[in-house]
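Before any comments, here is the structure.
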Amino acid sequence: MLWDFARKTLFIIHNFPQKKMCIFLKIPLKTLRFLYFLPKIPYNTQIVKELLSAYEKIKHKEVLPVFFNCFQQKDAPFSWKKTILTLLISAIVAMCLVFLITTQHPLHVAYELLTHPTMILWNFLPALLAVFLVYFVTGRLLFSSLLLQVVWILFAVSDKIKVSMRQEPLLPTDLTLVKEALTIVKTFPVYMLALIAVGFIAAIAILVFSFIRSEKQRPPVPARLIGIVCVILAAFGLNTLIYADKDLYDGYPVVENPYFQVNQYNTRGLVYSFFHQINIMRLQAPEGYDKALYDELTKEPITADGQSAPNIIMIMGEAYSDLSENEHISFEGYTDPMANFKELCAKENAVSGHIAVANFGGGTSNTEYDVLTGLPTRFLDTALPSYNFIHHEIDALPYRLSQIGYETTSIHPGYAWFYNRQNVYPDLGFETCYFLEDSFDLATQGIGGYVNEEATMDKILSVMDEHISSSDAPLFSFTVTIQNHGPYEKKYGTLAQNFSTDVELTETETDLLTQYFYGMTDADEELGRLVEYAENSEEPIILVYFGDHLPGFSNGMEFFDLLDYPKNANGTPEEQTAVYETPFVIWANDSAAEQCGFAENVDAAALQENNLISSFYLGALTTELAGMEGLSPLYDMLNDMRKEYPVLSDMYHVDAQGNYVQELPEDVQEQLDTLTKLQYYILFDRVLPEQK
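The sequence shown begins at 1181 in the working numbering and counts up one residue at a time.
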């Protein structure tokens, strides 16, 4: 019977005269037309007569009574007016709560919202549709209203926490990283875990209570079915017409730096921005893309005969930064957490500087991707982690090195499934991979919730020793450390302060820095051990060490203001870029320097005085300093581009003279367009010789 009613209803929508339906619903004709694709279904003429009768009443301005009476049975113990009003108020409250929780500059944002009221509507409609959908499904008014508040508050709080720790808003892709997020949550202090547990238990208790105690008066089942259909159709229509419209979204104003995604969310609204991101995260081929044009830039490397082939040990330090280098912080009487790093940078055969990465406070895999592929995450034009697009063997640094005789190894003392590294690393060209599950013991080697730096370095050195004793081939070893991963609240337990400062900090702020510098000191100590190993080795070894991103503290970017760091996501171009800068060093031991002509290669690389480069240049720069010209046409192109524009990003570019610009010369823009299209080609269309 219900199915028959639904079929009749669909027929009416399809066959009722369009102009009359528009008058009935008081909507434009164009808005209605998308409903008319529904198939013709046999119908009951009595229903049509009833609707025509309703139409006659509408002409006498009896719209609301007719609408309610169409759904409400006689003597029904509930009121449609009361129900709809309650759900409307619930959606308004949910929207307001989200704005109150997430908005950073309420007065400025309020002004923009009042001058662009449709932004309010686009943030309101998803809440309205969601609460109506839950109500039509459950028929419980109180439960539907409270469930919306709980979900929307959780939504807003999650965004607030992520912005605070990573200076990045909540993205649709975060929903795919639940397993990774739970792993990180386990490292939170006990009191934080207790608060989270209490909050979830309270929310569940309230929802269960409201479900049981909700009024049992429900609308007729046919009305609920029609309601569900209408909500779903409205959702699809709004998504197509509004949330997928990039020009509409980009046309709205942004308070402060418009390139900073947090500001976009802050001004345009979390809900509107989130649903817009859902529509644009699908990667599209760049305009003018033609895969036939990119074979030349991906041809196989030249022969390895007579080519320099030193061992390369590349290490990416978790949250490794030079925040310890600050005029308000002193380590006199304490241990400098970068002592060995600075000593290494000062050595004869060393090049050091900073890389501009894609993320702040997280996004480790994006920095890995940039360095190992020579491709820029920032120009993928998607919120998804770059590793999400690697589903087959691709042309990357490990693959290229293996083509000239290298053995390739990756080491990560974290779970293999994190960022899908267990599948991505082999696709990048790593022949052997070591992960937490098979090579480390968290119970005996853990500190602060993760495998310690000492155990990680032990593995790096043991792999190198085993390789030297068993093979004459050069080795490329790539390691991602993990010990100093946040959060930092009491991460290493109760510690004595390990720095002094002339700035007044709270006890919590002092402890956060103490915890972070403790982890940095451990990393620096192990770096010193590696340098000593390489100096005493007769094997040619090039060491590359760099940070993946700045640390994400629970107090957000307050430290940068308190301690006068020149880092500000809404500041000058230099300050905005500095938010994404981490240190790097490339050093060759005596044997490697002699073998590859390191000093001459440094001169030819024409590095700038401050050596600030984009992270996607680092792998290519390493091959140039190692004397591997011709290893990849892409790397040769990148090294040429770096000499003109050492930093290319979606915010600002930096030229060879250190000028920050937003517009590129035509020839450089063409190179960047080529690189962007080549990235798509390598990820989706490039077939390696072994795969043909």
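Idealized CB from N, CA, C, for every residue including glycine.
Name the DSSP bridge partner or partners of residue i?
i	result
residue 1530	1767
residue 1725	1495 and 1765
residue 1833	1841
residue 1612	1589
residue 1681	1509
residue 1655	1587
residue 1827	1834
residue 1278	DSSP output for residue 1278 lists no bridge partner at all.
residue 1631	1626
residue 1660	1496
Please go through the same chain and pick out, in chain order, the residues whose beta-carbon is closer than 7 Å to the beta-carbon of residue i, but skip the five residues on each side of it.
i	result
residue 1352	1454, 1457, 1458, 1461 and 1563
residue 1604	1567 and 1570
residue 1519	1704
residue 1719	1491, 1648 and 1771
residue 1318	1324
residue 1315	1267, 1321 and 1324
By Cβ distance below 6 Å, which residues in the same chain neighbour residue i in space, the five residues on each side in sequence not counted?
i	result
residue 1794	1536, 1827 and 1828
residue 1477	1813, 1814 and 1858
residue 1612	1589
residue 1474	1858 and 1861
residue 1270	1311, 1325 and 1328
residue 1840	1753, 1832 and 1834
residue 1724	1494, 1766 and 1802
residue 1800	1554, 1815, 1818 and 1819
From the beta carbon of residue i, is the nearest beta carbon of chain C less than 7 Å away?
i	result
residue 1628	The question asks about chain C, but that chain is absent: this structure has only one protein chain.
Does DSSP put residue i in a helix, in a strand, or in coil?
i	result
residue 1463	coil
residue 1535	strand
residue 1860	helix
residue 1190	Note on residue 1190: pLDDT 46, under 50, position unreliable in the model; the coordinate value appears next. Note: residue 1190 maps to helix in three-state DSSP.
residue 1736	strand
residue 1626	strand
residue 1867	coil
residue 1378	helix
residue 1251	Because residue 1251 sits at a pLDDT of 42, beneath the cut-off of 50, its placement in the model cannot be relied upon, and the following sentence gives the value as read from the coordinates. Of the three classes helix, strand and coil, the one that applies to residue 1251 here is helix, per DSSP.
residue 1620	coil
residue 1886	Past the boundaries of the shown model lies residue 1886; the chain is included only from 1181 to 1872, so the question cannot be answered.
residue 1699	helix
residue 1502	coil
residue 1521	helix
residue 1752	coil
residue 1183	Its pLDDT being 41, under 50, residue 1183 is placed unreliably by the model, and nothing is read from it.
residue 1383	helix
residue 1854	helix
residue 1708	helix
residue 1479	coil
residue 1808	coil
residue 1224	The pLDDT assigned to residue 1224 is 42, lower than 50, so where the model puts this residue is not dependable, and the model offers no usable value.
residue 1713	helix
residue 1670	coil
residue 1271	helix
residue 1245	For residue 1245, the predicted structure reports a pLDDT of 49, less than 50, and the residue's modelled location is therefore unreliable. The matter cannot be settled from this model.
Restricting to Cα atoms, I'd like to know which of the options is closest to residue i.
i	options	result
residue 1389	1421, 1339, 1785 and 1325	1325
residue 1465	1561, 1401, 1694 and 1691	1561
residue 1499	1313, 1633 and 1575	1633
residue 1638	1669, 1650 and 1592	1592
residue 1145	1470, 1350 and 1497	Past the boundaries of the shown model lies residue 1145; the chain is included only from 1181 to 1872, so the question cannot be answered.
residue 1742	1319, 1702 and 1508	1508
residue 1450	1322, 1312, 1305 and 1767	1305
residue 1606	1676, 1779, 1658 and 1640	1658
residue 1285	1522, 1425 and 1442	1442
residue 1714	1768, 1730 and 1698	1768
residue 1692	1448, 1503, 1427 and 1452	1503
residue 1572	1582, 1600 and 1283	1600
Nearer than 6 Å: is that true of the beta carbon of residue i relative to any heavy atom of the ligand HEM?
i	result
residue 1819	No copy of the ligand HEM occurs in the structure displayed, which carries no ligand at all.
Here's a check: name, in chain order, each residue in its chain whose Cβ is nearer than 8 Å to the Cβ of residue i, leaving out the five neighbours to either side.
i	result
residue 1277	1329, 1332, 1333 and 1336
residue 1345	1541, 1542, 1666, 1667, 1732, 1733, 1734 and 1736
Ignoring anything shorter than 4 residues or poking outside the region 1772-1806, list the alpha helix (DSSP H) runs there in chain order. For the region 1772-1806, whole alpha helix (DSSP H) runs of length 4 or above, ordered along the chain, are 1778-1785 and 1798-1805.
Kindly provide the ranges of any alpha helix (DSSP H) runs that are 4 or more residues long and lie completely inside the region 1282-1316, ordered along the chain. Listed in chain order, the complete alpha helix (DSSP H) runs (minimum 4 residues) inside the region 1282-1316 are 1286-1295.
Enumerate, from N- to C-terminal direction, the unbroken beta strand (DSSP E) stretches of 3 or more residues contained entirely within the region 1317-1351. Runs of the beta strand (DSSP E) lying entirely within the region 1317-1351 and spanning at least 3 residues: none are present.
Considering only residues of the region 1401-1437, which uninterrupted alpha helix (DSSP H) runs meet the minimum length of 4 residues and lie entirely inside it, listed in chain order? Within the region 1401-1437, the complete alpha helix (DSSP H) runs of at least 4 residues fall at 1401-1418 and 1426-1431.
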